[in-house]
Each structure stands twice: as structure tokens, then as C-alpha cells.
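Under my numbering, the residues of the sequence shown are numbered 1 to 84, in order.
Heads up: the structure comes next, in C-alpha cells.
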Amino acid sequence: MMLPARTVCYSDWKTEYSGYLMAEANKHNGRNEYVCVDYAPETIAASNASEDAALLYFVQTVCGSLPWSYINGLELTCVVCTKY
């Protein structure tokens, strides 16, 4: 299970990895899914082909009129957990 805005799992769950919450920009057409990207992502070896099928951007907080405990413009963290 992916938990946004957290860095640790619940006490009886196992942490698989933690990182940043990312998504495509809302101006892009197509899918719009939030994913948890590891703090140390791995890349594919470079090539000459265009592989920009999905460009990911950090999900950031936006403060509004409601009481808010986050910092405006802060990148949100996430953690992926499993339970046996």
C-alpha cells in the first residue's frame, strides 16, 4: 500500500521503500496517476530514442483558506508498505 505524506509505515507493516509522491503535470493529456518514486531511483541507459512517454513531477503542497500543518510548496513524501 502506498501512503502519501508519510515517511514510515504503521508499526505492524514492513517498509518496502520511501520516496517522493510524483505525477504527470495536470496540463498533460492522458493518464493522471500518483506514484511513489524511490529516493534513489534507477535509470535506463541513455539512447537516441525519445522515451518521454510519461514525465513525472513532484507533487507539492498548496496552502489555501483552511488551517494547514504543511509548508506551502513543499514536495510530498510517501512510503510503500506491505503486511504479511
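The beta carbon of each residue, even a glycine, is placed where N, CA and C say it ideally should be.
Per DSSP, which one or two residues make a beta bridge with residue i?
i   : result
S18 : V79
Closer than 6 Å by C-beta to residue i: which residues in its own chain qualify, once you throw out the five before and the five after it? Chain order, please.
i   : result
Q60 : G73 and E75
Beta-carbon within less than 8 Å of residue i's beta-carbon, same chain only, minus the 5 sequence neighbours each way: which residues are those?
i   : result
A91 : Since the displayed the chain opens at 1 and closes at 84, residue 91 lies outside it and no answer follows.
With residue i and residue j assumed to form a contact (beta carbons below 8 Å), what rounded beta-carbon distance in angstroms separates them?
i   : j   : result
V8  : G19 : That pair is no contact at about 13 Å.
V62 : T15 : Not confirmed; about 28 Å, so no contact.
A5  : T77 : 7 Å
For residue i, which residues in the same chain have their Cβ closer than 7 Å to its Cβ, ignoring the five residues on either side in sequence?
i   : result
W13 : C81, T82 and K83
M2  : C36, C78 and V80
A54 : E24
Distance cutoff 8 Å, beta carbons only. Does residue i sit that close to anything in chain C?
i   : result
N72 : Although the question refers to chain C, the structure presented lacks it and comprises just one protein chain.
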